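*Asks:* Questions regarding the structure given below will be posed in turn.
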Amino acid sequence: MSRYHDEFRRSIDQPEAFWAEQAKRIPWFTPPSTILTRDEGDHARWFQDGELNLCHAALDHHVAQGRGDQPAIYWDSPVTGAKRTLTYREMRDEVAHFAGALQALGVEKGDRVVIYMPMVPEALVAMYACARLGAVHSVVFGGFAPHELAVRIEDAEPRVVVAASCGVEVDRVLPYKPIVDQAIAQSAHKPEACVILQREQLRADLGAAIDHDWATLVASAEPADCVAVKGTDPLYILYTSGTTGKPKGVVRDTGGYGVALHYSMEVIYDMAPGEVFFSASDVGWVVGHSYIVYAPLLRGCTTVVYEGKPVRTPDAGAFWRLISEYRVKSFFTAPTAFRAIKKEDPDARLLEQYDISCLKALFLAGERLDPPTFHWLDDLLDVPVIDHWWQTETGWPIAANLQGLAPMPTKAGSATVPVPGFDVQILDREGQPEGPMEQGSVVIKQPLPPGCLAGIWRDPQRFHAAYMAAFPGYYLTGDGGYVDEEGYLFIMGRTDDVINVAGHRLSTGEMEEVVGGHPAVAECAVIGIHDHLKGQVPVGLVIPKDGFEGDEVTLENELIALVREQIGPIACFKQVLVVDRLPKTRSGKILRKLLRNIADGQAYGVPSTIDDPASLQDVHEAMKAREVGAAHDARQQ
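The opening position of the sequence shown corresponds to residue 1 in full-length UniProt numbering, with each subsequent residue numbered one higher.
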C-alpha cells in the first residue's frame, strides 16, 4: 500500500501542488495559476483564474488529437430494438449544431437549460451543447411527475426546456410532452422555448407558441463554437433525490469537476483512451452525469448508453450481453441491479451464454454493497468486485479500491480506502476522533477536493447548514461507519439507520448483512421502529429469491435465529415480514426512512424519486396485517 499512501499523503499535505499537477492533464484555454482559494464561507474553490470549456476538453480536443473516428458512444436500446454508434467527430458535430440551435433561441453563457429526456444519445448531445455555450444544464429524470418538474423549473429558472416526446419502458410508452406542459403551467417561471425530440414510438403535439421541433431547429442552425468559462463557473445544477418542498440543487463547477473526473478514470477505474466504459445508470442521476456523460469522454474512452433494465430487457443476462458485445473493460452499476439479477437467475445460468473475458473490474455504488451480494458476485466473476462510496454532492468517489494506482485485497462490506484528496475521518457526537473499529459520523476534513459541490443553487445558508455546520471544519456526509486496523473504511449506512435498542446503539446495516446472507433471500431491509419499552426495535423486510417454495414462517424463524446467533439477543430482532417488493428510488436506494414512517404511523408523502408507488401500499398493508409498529400499539390500546 506504500504507493497509495505516498499519493494520498501528498494530496492531503500539499493539495495545491497535487491538484496543480492533475490540472495539467486536461486541456485549458488559459491554464490556472491560482489553484486553491476560499470563498466568503471558507469553502474551497479550485482553479479560479483558469479558463476552459468541458465540451472542448471532451470532444473537440480528442478530434484534434486524432480520435475523430473512434466511437464516443455506443447506444443500445432493447426497449426499442435500436442501436447506434457515434464517433467523436460525429458527436462533436451534433453537439455544435444543437448548441447553435440553442444559441438561436437566445441561450447564452450563464443561462439555465432544463433537460427532461430518457437514455438516448440526444440527452448527452443536449448536455454537451449547454457546456459548449457556457450555459448551465439541469437534467431532470425522465418521467418525474409534473409537480416535481415544475418546482425544478421554478428554482432553476431556465430559458429553455429540452425534452423528448416520450420515454419507452419495458411494458409501456410514457408521454413526456403532457408532463412538460403541465409543469410549465404550474411553474411561476415560464421558459421562453421548449425543444422536443420526436421519437417514433410516440410523437408529441407541438401546439404551443413556445414549442420547437428538435430536427427542424438543428437543420437550420449554424454550428456554435466553444465558449471559454472560468474554472469556478457552474457547469450544472442537479437536484438531489428524495427532496420535498423546496428542491436542493447541487451546483457543480467546471474546472474542478473536469480535473477530478479525468483523475478518477485513470486512478480508480484504470481506464486508458480507446477503452470501453459502461455505467448502467441514468443521465438524471449523478452517476450518469459523471460516468456516462463526462468522465469517459474526457479520458478519451467510449461510453455505453443503455436504454433498458438489468432484467426483463429481455432477461437477467442483459448486462452480460452488453459487456460481451461492446468489449467493456470496467462496468459500474448499483448493488440493487445485481440483487434483481440474482433474484431471477440465482445460479447465473445466463452468464454462460456470453464471453466477458474483456471485463477487468466490476464497480458498485449508490448504496452499500451488502456482503451476500458481494460474495455472490465474487464467486461468480474472475475480476475484482469493488464497492466504492460517494454521493451526489461529491460528484466522484470518496473511497474506492484504486485499480489504476494500487489495487488492494477486497473486504466484504468495505469501500476500501479514501481516494486521494478526501481526508476522511470518523468523529463521535462531540466531534472527537474515534479509534479503529469504533463507529461514528463519517466526515471529510476541509478543503474538499476538486469536483465536489460548489454550493446549493441560490441558497448558501442551506449549503452551510446542511453540510458544514454540524462539525466546523468538516463536511458532514450523513453516513455512519468506521475504519478498521488496516485503514479500510466501512460505511454502515445513513446515521439515522443506527438504532438505539434499550440504550444499545446497533447498526441495521449489520443486521442486513446477516439476513441477506440466508440462501433464500434475494433482497432485504432492516429498519428501526418505535417501541414504548425499548425505545426502538428492528424489523426485517425480505424478498425471497424467485423459485422460493419454502414456508414463509419457517424462513422468518430462521432469519430471527441467524441474527440472534451472529449479533446476539441484544439486537431484539424478532419480527420479519416477507414482501414481494420494497419501495425504492429509481436509482435503486431502498427508502428506509419512509418505511420507518409507515411502521411508526407517521404521516408521509410519496417522494418524486420513487420507482414503484404501489410498493408503499403493499408494505403498509403487510405491516398492518402483522400488527407491526403503530398497528401493534393501536391494538394494544
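Each residue gets a CB set at the ideal place from its N, CA and C atoms; glycine is no exception.
In this text the structure is predicted, and so the values were computed from the model without any measurement.
Do Ser165 and Leu238 have their beta-carbon atoms positioned less than 8 Å apart in this structure?
*Replies:* Counted from its first residue, the sequence shown places residue 238 at position 238. Counted from its first residue, the sequence shown places residue 165 at position 165. Going by C-beta atoms, Leu238 is not nearer than 8 Å to Ser165.
*Asks:* Do Cys301 and His56 have their C-beta atoms closer together than 8 Å?
*Replies:* Stepping through the sequence shown from its first residue, residue 301 is reached at position 301. Stepping through the sequence shown from its first residue, residue 56 is reached at position 56. No, the Cβ-Cβ distance between Cys301 and His56 is not below 8 Å.
*Asks:* I'd like to know whether the C-beta atoms of Val563 and Phe573 end up nearer to each other than 8 Å.
*Replies:* To locate residue 563, count along the sequence shown from 1; it is residue 563. To locate residue 573, count along the sequence shown from 1; it is residue 573. Yes, the Cβ-Cβ distance between Val563 and Phe573 is below 8 Å.
*Asks:* Compare the Cα-Cα distances from Lys450 to each of Ser11, Arg84 and Ser2 and report the closest residue.
*Replies:* As a first step, residue 450 is located in the sequence shown; it is residue number 450 there, counting from the start. The amino acid at residue 450 is misidentified as Lys; the sequence shows Pro. Checking every option, the nearest Cα to that of Pro450 belongs to Ser11.
*Asks:* Do Thr254 and Leu54 come within 8 Å of each other at the CB atom, strictly closer than that value?
*Replies:* Counting from 1 along the sequence shown, the entry for residue 54 is found at position 54. Counting from 1 along the sequence shown, the entry for residue 254 is found at position 254. Yes.
*Asks:* Apart from the five residues just before and just after Ile590, which ones in its own chain have a Cβ nearer than 6 Å to its Cβ?
*Replies:* For this step, residue 590 is matched to residue 590 along the sequence shown. For Ile590, where only same-chain residues beyond five positions count, the Cβ hits under 6 Å are Ala525, Leu582 and Lys584.
*Asks:* Have a look at His388, Glu393, Ala412 and Gly395 and flag the residue whose alpha-carbon is nearest the alpha-carbon of residue 638.
*Replies:* With the chain covering 1 to 637 only, the question about residue 638 has no answer from this structure.
*Asks:* Report back the beta-carbon spacing between Gly435 and Ser77 to the nearest angstrom; my notes put them in contact at under 8 Å.
*Replies:* Translated into the one-based positions of the sequence shown, residue 435 becomes position 435. Translated into the one-based positions of the sequence shown, residue 77 becomes position 77. Their Cβ separation, rounded to whole angstroms, is 51 Å, which puts Gly435 and Ser77 out of contact at 8 Å.
*Asks:* Hey, is Ala164's beta-carbon within less than 8 Å of any beta-carbon in chain B?
*Replies:* The question asks about chain B, but that chain is absent: this structure has only one protein chain.
*Asks:* Relative to the C-alpha of His375, which residue among Phe277, His518, Leu506 and Asp60 is closest?
*Replies:* In the sequence shown, residue 375 corresponds to position 375, counting from 1. Checking every option, the nearest Cα to that of His375 belongs to His518.
*Asks:* May I ask which residues mark the beginning and end of the alpha helix (DSSP H) holding Asp618?
*Replies:* By 1-based counting over the sequence shown, the position of residue 618 is 618. Segment Ala614 to Ala625, the alpha helix (DSSP H) holding Asp618.
*Asks:* First and last residue of the alpha helix (DSSP H) that includes Ile184?
*Replies:* Residue numbering aside, residue 184 sits at position 184 when the sequence shown is read from its first letter. Looking at the DSSP string, the run of the alpha helix (DSSP H) that includes Ile184 is Lys177 to Gln186.
*Asks:* Using only the heavy atoms of the ligand FAD, determine whether one of them is closer than 7 Å to the beta carbon of Ser357.
*Replies:* No copy of the ligand FAD appears in this structure; indeed no ligand is present at all.
*Asks:* Grab me the residues of Gly509's own chain with a C-beta within less than 7 Å of its C-beta, minus the 5 sequence neighbours each way, in chain order.
*Replies:* For the purposes of this step, residue 509 is identified with residue 509 of the sequence shown, where counting begins at 1. Closer than 7 Å at Cβ, skipping near neighbours: Arg368, Met492, Gly493 and Asp497.
*Asks:* Quick one, which of Pro31, Val304 and Thr240 has its alpha-carbon nearest Ser281's?
*Replies:* Against the sequence shown, residue 281 aligns to sequence position 281. Among Pro31, Val304 and Thr240, the Cα nearest to that of Ser281 belongs to Val304.
*Asks:* Nearest-angstrom Cα distance between Met623 and Gly629?
*Replies:* Along the sequence shown, one-based indexing puts residue 623 at 623. Along the sequence shown, one-based indexing puts residue 629 at 629. Cα to Cα, Met623 sits roughly 8 Å from Gly629.
*Asks:* Between Arg586, His97 and Pro310, which lies nearest to Thr216 when the distance is taken from Cα to Cα?
*Replies:* What you label residue 216 is simply residue 216 of the sequence shown in a count that begins at 1. Checking every option, the nearest Cα to that of Thr216 belongs to His97.
*Asks:* I'd like the span of the alpha helix (DSSP H) that includes Val267, first residue to last.
*Replies:* Within the sequence shown, the letter at position 267 stands for residue 267. Here the alpha helix (DSSP H) through Val267 covers Gly255 to Val267.
*Asks:* Smallest Cα separation from Leu555: which of Ile567, Ala17 and Val542?
*Replies:* As a working note, residue 555 is residue 555 in the sequence shown. Nearest option by C-alpha distance: Val542.
*Asks:* Leaving out five residues on either side along the sequence, give the residues of the same chain with a beta carbon under 6 Å from the beta carbon of Ala101.
*Replies:* Counting from one through the sequence shown, the residue named residue 101 turns up at place 101. Around Ala101: Leu217, Val218 and Ala221.
*Asks:* DSSP on Val537, reduced to helix/strand/coil?
*Replies:* Here the question's residue 537 lines up with position 537 in the sequence shown. Val537 falls in the strand class under three-state DSSP.
*Asks:* Applying the criterion that 16 or more other CB atoms from any shown protein chain within 10 Å of the CB defines a buried residue, is Arg592 buried or exposed?
*Replies:* What you label residue 592 is simply residue 592 of the sequence shown in a count that begins at 1. It is buried - the Cβ of Arg592 has at least 16 other Cβ atoms within 10 Å.
*Asks:* Sort Thr416, Ile426, His43 and Gly440 by Cα distance to Pro506 and report the nearest one.
*Replies:* Within the sequence shown, the letter at position 506 stands for residue 506. In the sequence under discussion, the amino acid at residue 506 is Leu, which differs from the Pro named in the question. Of the listed residues, the one whose Cα sits closest to Leu506 is Gly440.
*Asks:* Quick one: what does DSSP say Ile499 is sitting in, helix, strand or coil?
*Replies:* To locate residue 499, count along the sequence shown from 1; it is residue 499. Correct three-state label for Ile499: strand.
*Asks:* According to DSSP, Ile570 sits in a beta bridge with which residue or residues?
*Replies:* Position 570 of the sequence shown, counting from 1, holds the residue named residue 570. Per DSSP, none; premise fails for Ile570.
*Asks:* How would you label Asp111, buried or exposed, when you count the other beta carbons within 10 angstroms and need 16 or more for buried?
*Replies:* As a working note, residue 111 is residue 111 in the sequence shown. Classification for Asp111: buried.
*Asks:* How long is the line joining the alpha carbons of Gly404 and Pro247, rounded to whole angstroms?
*Replies:* As a working note, residue 404 is residue 404 in the sequence shown. As a working note, residue 247 is residue 247 in the sequence shown. The straight-line gap from Cα to Cα measures roughly 37 Å.
*Asks:* Quick one: give me the first and last residue of the beta strand (DSSP E) that Gln425 is part of.
*Replies:* Position 425 of the sequence shown holds residue 425. Asp423 to Leu427 is the span of the beta strand (DSSP E), which, as asked, contains Gln425.
*Asks:* Count the other CB atoms within 10 Å of the CB of Thr30; is the residue buried (16 or more) or exposed (fewer)?
*Replies:* Looking up residue 30 in the sequence shown gives position 30. Classification of Thr30: exposed, given that the 10 Å Cβ count is below 16.
*Asks:* For the segment 87-94 and the segment 308-321, state whether three or more C-beta atom pairs, one from each stretch, are separated by less than 8 Å.
*Replies:* Because the criterion of three Cβ pairs below 8 Å is not met, the segment 87-94 and the segment 308-321 do not touch.
*Asks:* Lys177 and Ala156: beta carbons closer than 8 Å?
*Replies:* On the sequence shown, position 177 is the one that residue 177 refers to. On the sequence shown, position 156 is the one that residue 156 refers to. No, Cβ-Cβ distance for Lys177 and Ala156 is not below 8 Å.
*Asks:* Would you tell me roughly how many angstroms separate the C-alpha atoms of His620 and Ile598, rounded to the nearest one?
*Replies:* Position 620 of the sequence shown, counting from 1, holds the residue named residue 620. Position 598 of the sequence shown, counting from 1, holds the residue named residue 598. Roughly 6 Å between the two C-alpha positions.
*Asks:* Assuming contact is defined by CB atoms lying nearer than 8 Å, are Val113 and Pro146 in contact in what I supplied?
*Replies:* Locating residue 113 in the sequence shown gives position 113, where the first residue counts as 1. Locating residue 146 in the sequence shown gives position 146, where the first residue counts as 1. Not a contact, by the Cβ cut-off of 8 Å.
*Asks:* Keeping to the same chain, check which residues put their C-beta closer than 6 Å to that of Ser2; ignore five residues upstream and five downstream.
*Replies:* Taking the sequence shown and counting its residues from 1, one reaches residue 2 at position 2. Around Ser2: no qualifying Cβ.
*Asks:* Thinking just about the alpha-carbon of each residue, which of Asp355, Glu154, Gly478 and Gly487 is nearest to the one in Ala415?
*Replies:* On the sequence shown, position 415 is the one that residue 415 refers to. When each option's Cα is compared against that of Ala415, the closest is Gly487.
*Asks:* Taking only the alpha-carbon atoms, compute the straight-line gap between Ser324 and Glu352 and give it to the nearest angstrom.
*Replies:* In the sequence shown, the residue the question calls residue 324 occupies position 324. In the sequence shown, the residue the question calls residue 352 occupies position 352. When rounded, the distance between both Cα atoms is 11 Å.
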